[in-house]
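Asks: Protein chains in written order, with the numbering used here: chain U, 730 to 1027; chain X, 730 to 1027; chain E, 730 to 1027; chain H, 730 to 1027. Supplied in C-alpha cells, the structure appears directly below.
4 protein chains.
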Amino acid sequence: MWSGVLPAVTSKFKEDGSLDHDEMTRCFGLQMDAGCDGLIVCGSLGEGPMMTLDERIAVMRTAKAVSGGKPVLMTVAAASTRESCEIAQRAATAGADGLMVVPSLVYQTNDAETVATLRAVAEAGDLPIMIYSNKIAYRVDVTPALMEELASDKRFVAIKESSDDIRRTTEIFNRLGDRYAVLTGVDNLAYEALAVGAVGWVAGLVCAFPKETVAIYRLMKEGRNAEALALYRWFRSLLDLDVSTYLVQNIKLAEALAIGSNERVRAPRQPLSGETRKRVESIIRAAMEVRPALPAFG
Amino acid sequence: MWSGVLPAVTSKFKEDGSLDHDEMTRCFGLQMDAGCDGLIVCGSLGEGPMMTLDERIAVMRTAKAVSGGKPVLMTVAAASTRESCEIAQRAATAGADGLMVVPSLVYQTNDAETVATLRAVAEAGDLPIMIYSNKIAYRVDVTPALMEELASDKRFVAIKESSDDIRRTTEIFNRLGDRYAVLTGVDNLAYEALAVGAVGWVAGLVCAFPKETVAIYRLMKEGRNAEALALYRWFRSLLDLDVSTYLVQNIKLAEALAIGSNERVRAPRQPLSGETRKRVESIIRAAMEVRPALPAFG
Amino acid sequence: MWSGVLPAVTSKFKEDGSLDHDEMTRCFGLQMDAGCDGLIVCGSLGEGPMMTLDERIAVMRTAKAVSGGKPVLMTVAAASTRESCEIAQRAATAGADGLMVVPSLVYQTNDAETVATLRAVAEAGDLPIMIYSNKIAYRVDVTPALMEELASDKRFVAIKESSDDIRRTTEIFNRLGDRYAVLTGVDNLAYEALAVGAVGWVAGLVCAFPKETVAIYRLMKEGRNAEALALYRWFRSLLDLDVSTYLVQNIKLAEALAIGSNERVRAPRQPLSGETRKRVESIIRAAMEVRPALPAFG
Amino acid sequence: MWSGVLPAVTSKFKEDGSLDHDEMTRCFGLQMDAGCDGLIVCGSLGEGPMMTLDERIAVMRTAKAVSGGKPVLMTVAAASTRESCEIAQRAATAGADGLMVVPSLVYQTNDAETVATLRAVAEAGDLPIMIYSNKIAYRVDVTPALMEELASDKRFVAIKESSDDIRRTTEIFNRLGDRYAVLTGVDNLAYEALAVGAVGWVAGLVCAFPKETVAIYRLMKEGRNAEALALYRWFRSLLDLDVSTYLVQNIKLAEALAIGSNERVRAPRQPLSGETRKRVESIIRAAMEVRPALPAFG
C-alpha cells in the first residue's frame, strides 16, 4: 500500500509563530517534484505535539493540496487514548489517507495497553495505519509479537521501524513475511534496511535533500547498489543529523541552507546556537560542497 | 516555604470515566487528617496528562476545599511551553498556592531551553515554584548548575529531587546551601534523602498509607532515627511500588486495599491484571499483615 | 591481507579439563574444508582468558597444523600490557601469522592508553594486527579517530568491527577509505556489514555451520544478494546465539548437535542447563529441520 | 567479624616498575595510625590484576607486617575459577586473614555459576570471605537471593556492597537480617549506607585522607550525625574521585598531594595528564584548602 520515500515533513511558522501555509506549500511541493511517494505530517519532525488539533488538521489539508493524489498520513501521538482517537477522527473527516500511530507519547504502555490503544485508534479513524515502533524515543516497543497480534485487523498495513537496531527488520520478515509494509524510520540506517528488504523510507533529511534521498531508494530498487552506496556514504554526515535530540532544529538548519527555508521552531525548542550551530552548519556546508551529481534512474 | 510530607495525590474517576470529586474529597481528607503538609495535584501519579485543563483545575479546587489552608500545588507538565503557561495562568487564577513544574513532557530540552521554559512558566503563573528534576522520567536533567542559574528569581523556591541518585541531594546543598527547599520525590530513597538534609518528601504511597509516611518524617525530625528506620524497613516493599512504570496502578491498588478506594485509571493505562496484579497484591497484603503500631510523636 | 570468513574457533577440552587436540584438529579441519579463509584462536569464544599461556600456544600450533597455509591469528587479551606483550611475543615465536588484539580485558583504557597499549603489543609481536573494537564487551571503544592515529604503523592491517552498531562500518570507510580491512565481528549483523562494504566476517556460528557461513559470504561476493539474504534469514535464529553472554555455551551446544562435538567449558562457565538449555536446543533443532540446500557458487 | 573502616589500599611501585615495599609500609602505616580497622590488598584500587601472584602475596605480607594484628584481606579477582582458587590457597598459606572475592573478572557468570565459583574459592582458601557485589564494574550481580543461598556456609561472613544503588543495603537487611556484615564499597554513598545500617566502609580516598574517613565513621557510631554530615559534605568532592574509571590514578594523585606519595601505575594505566589532571588536582587542592579541623571522638 505504502512504499518508497515518505518524507516526515517539518511544519513552517511565520515570525509571529502562526502556521506559514505558503512556505509549507512550497516545501512540500519540492518533495513531490523530487519524486517522493507521499507525505507524513505532524510527527516529531513536524512538531505535532506543539500544535493544537486545529493546526494539525490545517497542515494536513495543505499537504493534501500539494500531494497530487499521493497519500498523506497524519501522525497520531498524544498522551491519552481519548486525545489520540480525537486526532484520528478529525484527520479522517478532513481527508487524510492514513495514520502513523504512536501508542502513547507520555506513558509507557505495556503490551496489552499498546494493543488496546492501537485498536482504539483504528476504530476511531477507520483509516489504514502505519504502526510507529520506536522504543528509543517513546520507551514502548511495538514488537514483532504485537505486530502479529494486530495482524488480524486489515487496517494495520505498515510498520515504521525505528528501533535503532537493524536486526529488527529481518526479525519482522522472519515472523510475519510480507504481511506488513516495513519502512525504515531511521535516516542513517536506511541503506542497511533497504538492503535487507524494507520497502520504504520514512525520511527526515529528505526535507532538505529530496533528490538525493529518492535517488538512493530508486537505485537500490533497480539493483544498482554500488551507486546507491556511494551516494549514501556521501549523505551519511547529513543523515546523522536525523538521529539526535535536536533533529528538528538540525533539519530546519539544513532546509535553511539547502532550500532557502527558515529555522523557526516552537518553544520549548529554540533554534541551534553557539558551538552546536557552528558544528552542524559546518557539517551541512561541507557535504554541500562535495554534493555529487546524481546518476540517471528510471 | 514548603516542607514535610506533600502527597502527590491520585485522581479519582467514576465508572463512566468522569471525575469523582466526592471520592477525592474523602481521600485528600485522609491525607490532611494524618498530618500531611499540603497536596500536589495532577502530577504523573494524578494522571494530569490524561485530563483536560478544565478537569485539572476542578481537581485543584477540590484539593483547596480540603487542605485547610495548607498549600495546594498544581503540576505543570505539557509538551509545549504555550500549554505549560496556560496551565500556570489558569491555576493561579483559580487559587493554587504554587506550581510543580516539569520543563517539558515530550521534548528533551537543552540547558538554555530548560531555563527559558521554567522562566516562562514563572512569568505566566507568578506563583512560587517547585522545580521538578527527574532525568529518568523526562530525560531532562535540571542540574544544580541550572538551579543556580534560576536562583535569582525568588519564585523558584523548592526542588523536587527525583534524579534516582541519592548523591544529588548533597550536591545541591554543597552548591546552593539552603537557597532551595529540597524535597525528595522518590519514595524508596526518602529515608536516605532526609538523612542527608532534605526538608520534605513529595510522597506516593502516602496515598494509601498516610500515617506511616508522616510518622517516618516526624520521627526523623525529632532525631529518633532508629525508630524511623525500623518503620522505613517495614515500608520498603510498598515504597518500591512507587518506582515503577506502573506506579499509578500500583498505588491505586494499594489505595483499594488500604483505604477502600478503587483502581480506575484513564486509557491508555489499564488496571493491573494477571500475574502482575497478583504479585503486587501479595506485596501489599504481606506488608499490611505485619503493619506495625506507630510510636507516638510530637 | 585478511578477508573472507575467519572462524573464531572454540577450544576443546577432555573430560579431565585438559586440551583435546584431536578434537580441535577435527573441528578446525571442518572449517578449512568448508572454505574458510583462516582461523582465529583463543578469543572470547576460544576461552583464551581461561587458559595458561602455554595452553594458548599449543592451541595455536594445532590450528597451524590444520590451516593449510591460510592465516592463523592468536588473540591477545589480558589485563596488563606486560601480559599482552608476552602473549604477542610467544605467539610470534611459535609461528602465528597475526594477532587479534583487545586493548585491555579488565581496565577501561582512555584514548591515549588504548593507543599506547596497541603500539606496545605491535612492538612486542612484530606481526600484522587486527584491532578488535568492541565497546560493548570491553567498554573500550577503538574509534575511527584512534584507527586513524594508529594508521601510520603498517602492522595494523585490519579491524574486527564489533561495536554492535552497523553505522560504524560506514564511518570507518568515510574516514579511512580502504586503509584497513574491515571485518564484521557480529554474526547477526554480518549480511548488513558485508552489504555496506566489509571485506570479511570473523564468525562464531561458523563453528557449527561452516558451509552456510561461507555460502553467504561467497554469494554476496558474486553479487547474488537475494540468495544470500534468503540463507541469512534462515540462519538468523542461530546467529543470534552469538550475541549473548553465553555465546560459548550456545555455540558449543550447536557444535554438539551439528558436528558431533561436545559442550565442555572451563569454570566459571558451566554448560547450559534447565530452561535455557531447552530453549537454545529447540532453536538449533528447529533451524536444522529446515536447513536449506546450498546453491552452487564459484 | 569485620566492621569499621577497611582501606582498599593502593600498591606502590618504584621507578623501574617493581614493588616498593618501603613506601607501602609507610602508607599502610598511616592507615593504621589513623585508626583503620584492617587492610584490603590487591583489589581494583591495588591494581591486583596487573600483578603476578607472587607480587600479590608479597604485598599481602607487607600489609600483615604493618596491621598490628588487625585483619588483612587478599582480593580474589581473576578470569578463571582455577586462578581464583590458586590465589585463595596461596593467600591462606601466606597468612591472610580473609578474602574479598569477585566471582569473575571477565566472564559474566549466571546465578548458578556465581554461587559455584564463590563456593569453590571458599573451599580452596578456607578463610572468612567478604563477597564483593559490584554489578557496575563486573556486570555480575550478587543479589540478596544469592547471598541467602550462600548463607549456609559460615565462611561467607561479609558483603562489600557496591551496587551503586543505596536501596540495596536495606534490601539485604530486609532479606537477611544481620547474617552478613554489610560494608559499603562506594565512597560517595558511605554516609547514606551507614545511616541505613551498614557496619563498615571499604574505603578508597582513605588512602590519602585516613583521619577524615575514620572520623566520619566514628562520629556516626557515636550518634553525632550532624557533625559527620558536615564532614562528609566537605569530603564529597574528593570521594567522588573514587567513582570513576580512573579511580586508581585519581587516588594516587590525591596521595601524592596529601601524604607525599607518588602517582606511578602499571600499564595499560597511565598517570593522569592534561586537562583531566588539572581538573582533578584543582578539586583536591580546593578541598585541602578548606580542610576542616576534626572534632574529638571516643
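We put the beta carbon where it would ideally sit given N, CA and C, even for glycine.
What does the alpha-carbon distance come out to for the pair L934(U) and V943(U)?
Replies: Going from the Cα of L934(U) to the Cα of V943(U) covers about 11 Å.
Asks: Please list, in chain order, the chain E residues whose beta carbon lies closer than 7 Å to that of L834(H).
Replies: V835
Asks: Classify I860(U): buried if its beta carbon has 16 or more other beta carbons within 10 angstroms, exposed otherwise.
Replies: buried
Asks: In this structure, does DSSP put M730(H) in helix, strand or coil?
Replies: DSSP, reduced to helix, strand and coil, places M730(H) outside both helices and strands of the structure shown, so it counts as coil.
Asks: Are the region 772-785 of chain H and the region 974-983 of chain H in contact at 8 Å, needing three or more beta carbon pairs?
Replies: yes
Asks: Starting from E842(E), find everything on chain H with Cβ-Cβ shorter than 9 Å and list it in chain order.
Replies: A996, P997, R998, Q999
Asks: Taking C-beta pairs closer than 8 Å, name the residues in chain E that R1008(H) reaches, listed in chain order.
Replies: Under the 8 Å cutoff, chain E gives no residues; its nearest Cβ is about 14 Å from R1008(H).
Asks: At the level of alpha carbons, what is the spacing between G767(U) and D749(U)?
Replies: So the alpha carbons of these two residues sit roughly 20 Å apart.
Asks: Output the distance between the C-alpha atoms of S891(U) and V931(U), rounded to the nearest integer angstrom.
Replies: When the Cα atoms are used, S891(U) and V931(U) turn out to be separated by approximately 10 Å.
Asks: Using a Cβ-Cβ cut-off of less than 8 Å, list which residues of the region 910-926 of chain E approach chain U; keep chain order.
Replies: For the region 910-926 of chain E, the set of positions with a beta-carbon nearer than 8 Å to some beta-carbon of chain U reads N917, L918, Y920, E921, A924, V925, G926 in chain order.
Asks: Any beta-carbon of chain X closer than 9 Å to the one on F902(H)?
Replies: Any Cβ of chain X closer than 9 Å to the Cβ of F902(H) would place that residue at the interface, and such an atom is present.
Asks: Would you kindly work out how many angstroms separate the C-alpha atoms of G989(E) and A924(H), rounded to a whole number?
Replies: 58 Å
Asks: Tell me N863(E)'s beta-bridge partners as DSSP assigns them.
Replies: DSSP links N863(E) through a beta bridge to V869(E).
Asks: Among E842(H), T846(H), A806(H), which has the Cα closest to the Cα of V831(H)?
Replies: That would be A806(H), whose Cα lies nearest to the Cα of V831(H).
Asks: Distance, Cα to Cα, M803(E) vs A996(E)?
Replies: Just so you know, the alpha carbons of M803(E) and A996(E) end up roughly 22 Å apart.
Asks: May I ask which residues mark the beginning and end of the beta strand (DSSP E) holding A932(U)?
Replies: 929-932
Asks: One question on the structure: do M761(H) and S740(H) come within less than 9 Å of each other, judged by their Cβ atoms?
Replies: no
Asks: Can you give me the Cβ contacts of S966(H) inside the same chain, cut-off strictly under 6 Å, excluding the 5 residues immediately before and after it?
Replies: I1012, A1016
Asks: Can you find the residues in the same chain that come closer than 7 Å, C-beta to C-beta, to L875(U), ignoring five residues on each side of it along the sequence?
Replies: D840, T843, V844
Asks: Return the first residue and the last residue of the alpha helix (DSSP H) that K889(H) is part of.
Replies: That residue, K889(H), is in no alpha helix (DSSP H); its beta strand (DSSP E) goes 885-890.
Asks: By a C-beta neighbour count over all protein chains shown, 10 Å radius and 16 as the cutoff for buried, is I816(X) buried or exposed?
Replies: buried
Asks: Quick one: which unbroken beta strand (DSSP E) runs of 3-plus residues sit fully inside the region 765-829 of chain U? Chain order, please.
Replies: 768-770, 801-805
Asks: In chain order, what residues of the region 946-972 of chain U put their CB closer than 7 Å to some CB of chain E?
Replies: Within the region 946-972 of chain U, the residues whose Cβ lies closer than 7 Å to any Cβ of chain E are, in chain order, L958, R962, R965.
Asks: Could you tell me whether the region 886-903 of chain H touches the region 861-870 of chain H, where touching means 3 or more Cβ pairs closer than 8 Å?
Replies: yes
Asks: Is it true that the CB of G926(E) sits closer than 9 Å to the CB of F902(E)?
Replies: Yes, Cβ-Cβ distance for F902(E) and G926(E) is below 9 Å.
Asks: Consult DSSP for A996(E) and reduce its assignment to one of helix, strand or coil.
Replies: DSSP places A996(E) outside both helix and strand once states are collapsed to three, so it counts as coil.
Asks: Assuming R1014(H) contacts N917(X) under a Cβ cut-off of 8 Å, what Cβ separation, rounded to an integer in Å, is found between them?
Replies: 38 Å between Cβ atoms; not a contact.
Asks: I want to see whether chain X comes within less than 9 Å of R896(H), judged by CB atoms only; does it?
Replies: yes
Asks: Measure the Cβ-Cβ separation of Y836(U) and P800(X) and say whether it is below 9 Å.
Replies: no
Asks: Under 7 Å Cβ to Cβ from M730(E), same chain only, skipping five residues before and after it: list those, please.
Replies: P857, V886, A887, A910
Asks: Which residue marks the beginning of the alpha helix (DSSP H) containing A985(X), and which one marks its end?
Replies: Per DSSP, A985(X) is one residue of the alpha helix (DSSP H) stretching across 976-988.
Asks: I need the straight-line Cα distance from A849(E) to E1004(E), nearest angstrom please.
Replies: 45 Å
Asks: Nearest to A820(U) by CA position, among D855(U), T838(U), L847(U), V795(U), is which residue?
Replies: D855(U)
Asks: Look at the Cβ atom of V994(X), then the Cβ atom of K1007(X), and state whether they are nearer than 9 Å.
Replies: no
Asks: Go to T913(E), then tell me how far its beta strand (DSSP E) extends in each direction, as first and last residue.
Replies: 910-913
Asks: Looking at the unbroken alpha helix (DSSP H) that takes in E744(H), where does it start and where does it end?
Replies: E744(H) -> no alpha helix (DSSP H), and no H or E assigned at all.
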